[in-house]
Each structure stands twice: as C-alpha cells, then as structure tokens.
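K.L.:
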Amino acid sequence: MAKIRKAVVPVAGLGTRMLPGAKVVPKELLNVVDRPILSYIVEEGRAAGIEHFVFVTGRNKSAIEDYFDHQVELEEQLRAKKKDSLLAELLKDLPEAGSMSFVRQMQPKGLGHAVWCARDIIGNEPFAVMLPDMIMDADVPALKQAVSAHEATNGSNIIVVEEMAQSQLHQYGVVALSKQDGRCNPMTGMVEKPQPGTAPSNLIVSGRYILNPEIFDLLSDQAAGAGGEIQLTDAMARLMASQSFHALQYEGVTYDCGDKIGLLRANVALALKHPQLAATAREAVTSLL
Ligand code: UTP
1 MAKIRKAVVP VAGLGTRMLP GAKVVPKELL NVVDRPILSY IVEEGRAAGI EHFVFVTGRN
61 KSAIEDYFDH QVELEEQLRA KKKDSLLAEL LKDLPEAGSM SFVRQMQPKG LGHAVWCARD
121 IIGNEPFAVM LPDMIMDADV PALKQAVSAH EATNGSNIIV VEEMAQSQLH QYGVVALSKQ
181 DGRCNPMTGM VEKPQPGTAP SNLIVSGRYI LNPEIFDLLS DQAAGAGGEI QLTDAMARLM
241 ASQSFHALQY EGVTYDCGDK IGLLRANVAL ALKHPQLAAT AREAVTSLL
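Following the numbering used here from start to finish, the sequence shown increments by one per residue and tops out at 289.
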C-alpha cells in the first residue's frame with residue numbers, strides 16, 4: 001500500500017473570526033503558549049511520517065513561507081550571543097530543503113477548492129489534509145492514528161471525527177455511519193452544517209483526513225455548496241459512491257484555534273501541561289479566577 005508521504009495544509013482562508021489582526025498576521029502564526037500554531041501542525045505531521053507539506057496560501061500569508069526559512073541575521077546574532085537553546089528552538093521547525101511547497105489559491109473559494117489547488121504537487125498518491133486551525137493534543141499524534149486506520153482498512157479514505165454536543169452540531173460537518181462499533185467505523189455519508197435536529201450522528205469532522213487522489217477529479221468540476229463555497233465535504237460524499245470511507249474517532253483533545261475562545265482554551269490548557277511553564281501558568285490562571 002502506498003505510504004502517506006504528503007500533507008496538504010490549507011491556509012488561504014479569510015480568518016474572519018480572528019479579524020482585525022488576521023488582516024495582516026496569518027492566524028496560523030499566532031502563538032499558542034510558546035510557538036506558532038503551525039509549529040504544532042508540522043510536528044504532528046512529521047511524527048506521522050509526512051515528508052512533504054503543501055501549503056495552500058493566499059494574499060497576506062507570505063510570512064508563513066518566511067517562518068519556514070532561515071533568518072540569517074537573527075541566527076548569527078543568537079550564535080554570537082551564545083543563545084544556543086533559543087537558536088535550536090528556531091531551527092527546529094525548519095524543513096529539509098525542498099520538502100515544503102507553497103501554492104496560491106488566489107481566491108478563497110472554499111476548503112474543497114483549496115485542496116484541489118494542491119493536485120499537481122500531490123499527484124497520484126493518497127495524501128493527508130491537515131486543517132491548521134485545529135491543534136490536536138494526543139499521546140499518539142492524531143494524524144498517525146489516521147494513517148494507521150488507513151493501513152488497517154486496506155487504503156480506505158479516513159476522516160478523523162470527534163463527539164460534539166447536540167446543540168452545536170449544526171455548525172460542523174457531521175458523519176453518518178453504517179454501524180458504530182469501536183473507534184473506526186464505515187461511513188455511509190456526511191452533511192455540512194445540518195439543520196438543527198437533523199444531524200445523522202453526534203460525530204463531527206475534526207480537521208485531519210487521509211484521502212485517495214480520485215478526490216481531485218470530483219473537486220475539479222464541483223459547484224459551490226453550503227455558504228457559496230466549494231466544499232470538501234460534498235466531494236467526499238460523492239467519492240463515497242465508489243470508494244470506502246471510515247470515520248476514526250481519535251484519542252485526544254481538539255482545540256479550535258481559529259476561534260477566539262478556542263485559542264484562549266488552547267493557550268490555557270497547553271500552558272498548564274507545559275514542562276517548564278506549567279507551575280507559573282497555574283498561578284496566573286488561579287489568580288485570575
Ligand atoms: P475555515 O472556514 O475554518 O477558516 O476553513 P477561515 O475561512 O480561514 O476562517 P473564518 O471561518 O473566516 O474565521 C478551514 C481551513 O481551510 C482553509 C482555512 O485557511 C482554514 O485553515 N481555507 C478555507 C482555505 O485555505 N481556503 C478557503 O477558501 C477556505
């Protein structure tokens with residue numbers, strides 16, 4: 001079975017929930033505790049065996065490309081000042097030369113369209129999609145759990161899901177299952193932002209996918225769906241007619257960092273777990289409460 005080597009990371013959205021700052025600062029570069037959100041995403045991807053990241057970018061996102069390159073002057077200064085651990089921190093996220101690509105979406109027409117923009121770089125092999133809004137805190141990295149499920153199901157498309165309260169389901173993509181037995185179950189369908197009371201399950205699509213390359217054919221001729229956007233959910237639902245899909249309820253906790261309160265939760269929760277900062281973070285949070 002083909003190894004999952006490449007991940008698409010779409011970062012071309014408008015980030016309206018994070019305006020006004022997102023007008024000039026890509027929300028994916030906001031710090032959670034002590035490093036940018038994208039640092040967590042790339043770390044998770046590498047731990048799952050990803051060798052090449054394809055960022056789908058847009059205007060005002062060029063800082064992302066710079067983040068993953070050397071900043072020679074700064075590095076020289078840190079070296080001269082013997083700030084070795086800071087320098088190591090800085091270099092840790094840098095990719096091997098040639099192992100990141102950046103393609104422009106040009107217009108934010110929706111997540112499906114963003115993934116389609118990566119088609120030439122992905123080529124004809126199964127690949128991962130990682131939504132950078134979501135930090136998934138897990139002992140076994142969430143994408144690694146997804147790759148294992150892809151292998152265990154003989155190459156099925158995998159959608160990572162998690163439980164959500166009934167009252168919130170209408171804000172998410174929700175999956176329909178043919179049976180629910182354990183954490184990895186065959187899917188029969190999915191629906192984007194179901195009307196309240198109509199959701200087919202309480203499991204929402206949570207930001208990591210393993211997809212077979214046939215998805216690109218379906219995305220190429222796809223009309224806009226919910227919200228006037230070209231939806232990845234619609235293309236996946238169409239691919240389900242000819243390929244198997246499994247929903248994997250991963251073990252871990254998701255933080256939606258594309259949302260103001262979600263970002264706050266991520267900062268508090270991960271600071272309270274941080275090897276060096278946990279004690280002072282606890283003091284700070286306790287004093288506020
Ligand atoms: P979201 O809808 O959650 O993010 O898309 P957004 O559009 O940036 O943020 P809001 O909702 O306006 O606040 C999920 C992911 O897909 C990317 C986004 O960057 C985000 O990482 N995306 C979305 C694109 O790359 N292109 C698009 O056209 C839409």
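All C-beta atoms in this analysis are idealised placements derived from N, C-alpha and C, irrespective of residue type, glycine included.
What is the rounded straight-line gap between the Cα of S244 and the Cα of N157?
P.N.:
Near 6 Å, if we compare the C-alpha coordinates of N157 and S244.
K.L.:
By DSSP, does F102 sit in helix, in strand, or in coil?
P.N.:
Note: F102 maps to strand in three-state DSSP.
K.L.:
Would I215 and G110 qualify as a contact pair, given that the criterion is a beta-carbon distance under 8 Å?
P.N.:
For I215 and G110, no; Cβs fall outside 8 Å.
K.L.:
Quick one: does the C-beta of A224 sit closer than 7 Å to a heavy atom of ligand 1?
P.N.:
No, the beta carbon of A224 sits no closer than 7 Å to any heavy atom of ligand 1.
K.L.:
Does at least one heavy atom of ligand 1 sit under 7 Å from the Cβ of P108?
P.N.:
P108: yes, Cβ under 7 Å from ligand 1.
K.L.:
Here's a check: name, in chain order, each residue in its chain whose Cβ is nearer than 8 Å to the Cβ of G49, leaving out the five neighbours to either side.
P.N.:
The residues are K3, I4, R5, K144 and V147.
K.L.:
Say whether the stretch 202 to 221 touches the stretch 127 to 145, bearing in mind that this needs 3 or more beta-carbon pairs closer than 8 Å, one atom from each stretch.
P.N.:
Yes, the stretch 202 to 221 is in contact with the stretch 127 to 145.
K.L.:
Straight-line CA distance for Y250 to D221?
P.N.:
Whole-angstrom Cα-Cα distance: 32 Å.
K.L.:
State the start and end residues of the unbroken beta strand (DSSP E) segment that holds I210.
P.N.:
I210 -> beta strand (DSSP E) spans L203 to L211.
K.L.:
Keeping to the same chain, check which residues put their C-beta closer than 7 Å to that of F102; ignore five residues upstream and five downstream.
P.N.:
Within the same chain, F102 has close Cβ partners F55, T57 and E65.
K.L.:
Does the contact criterion of 3 or more C-beta pairs under 8 Å hold for the stretch 74 to 87 versus the stretch 170 to 189?
P.N.:
Result no; under three Cβ-Cβ pairs closer than 8 Å.
K.L.:
On the CB-based measure, 16 or more other CB atoms within 10 Å of its CB, does E192 come out buried or exposed?
P.N.:
Answer is buried; the Cβ neighbour count reaches 16.
K.L.:
Inspect the CB distances between the stretch 164 to 174 and the stretch 132 to 143 and report whether three or more fall short of 8 Å.
P.N.:
The stretch 164 to 174, when compared against the stretch 132 to 143, does not touch it at the 8 Å Cβ threshold.
K.L.:
In chain order, what residues of the same chain lie with their CB nearer than 8 Å to the CB of S99, ignoring the 5 residues before and after it?
P.N.:
Around S99: E51, H52 and F53.
K.L.:
Below 8 Å, how does it come out for the stretch 6 to 23 and the stretch 114 to 123: are there three or more Cβ pairs, yes or no?
P.N.:
Enough Cβ pairs lie closer than 8 Å, so yes.
K.L.:
Could you have a look at E162 and say whether DSSP puts it in helix, strand or coil?
P.N.:
E162 falls in the strand class under three-state DSSP.
K.L.:
Any chance you could list the alpha helix (DSSP H) runs of at least 4 consecutive residues sitting entirely within the stretch 133 to 191, in chain order?
P.N.:
List check, alpha helix (DSSP H) in window: 142 to 152.
K.L.:
Which residues mark the beginning and the end of the beta strand (DSSP E) in which L248 is found?
P.N.:
Run containing L248: F245 to Q249, per the beta strand (DSSP E) assignment.
K.L.:
Taking H113 as part of the alpha helix (DSSP H), name the residues at either end of that continuous run.
P.N.:
Element bounds for H113: L111 to W116.
K.L.:
Compute the Euclidean distance between the alpha carbons of V253 and V285, then round it to the nearest angstrom.
P.N.:
Near 20 Å, if we compare the C-alpha coordinates of V285 and V253.
K.L.:
Would you mind stating whether V205 and V161 have Cβ atoms separated by less than 8 Å?
P.N.:
For V205 and V161, yes; Cβs fall inside 8 Å.
K.L.:
To which residues of the same chain is A63 closer than 8 Å at the C-beta, ignoring the five residues directly before and after it?
P.N.:
Once the five neighbours on either side are set aside, the close Cβ partners of A63 are V25, P26 and L29.
K.L.:
Please work out which residues of its chain come closer than 8 Å, Cβ to Cβ, to L14, disregarding the five sequence neighbours upstream and downstream, and give them in chain order.
P.N.:
Answer for L14: A22 and P108, listed in chain order.
K.L.:
Decide if L270 is buried, meaning its Cβ has at least 16 other Cβ atoms within 10 Å, or exposed.
P.N.:
Classification for L270: buried.
K.L.:
Measuring CB to CB, does A176 end up less than 8 Å from G189?
P.N.:
In contact: A176 and G189 (Cβ atoms closer than 8 Å).
K.L.:
Under 8 Å by Cβ, that's how I've got A247 and L203 pegged, so tell me the actual separation to the nearest angstrom.
P.N.:
Their Cβ separation, rounded to whole angstroms, is 6 Å, which keeps A247 and L203 in contact under 8 Å.
K.L.:
Please classify N154 as buried or exposed, where buried requires at least 16 other C-beta atoms within 10 Å of its C-beta.
P.N.:
The residue in question, N154, is exposed, as its Cβ has fewer than 16 Cβ neighbours within 10 Å.
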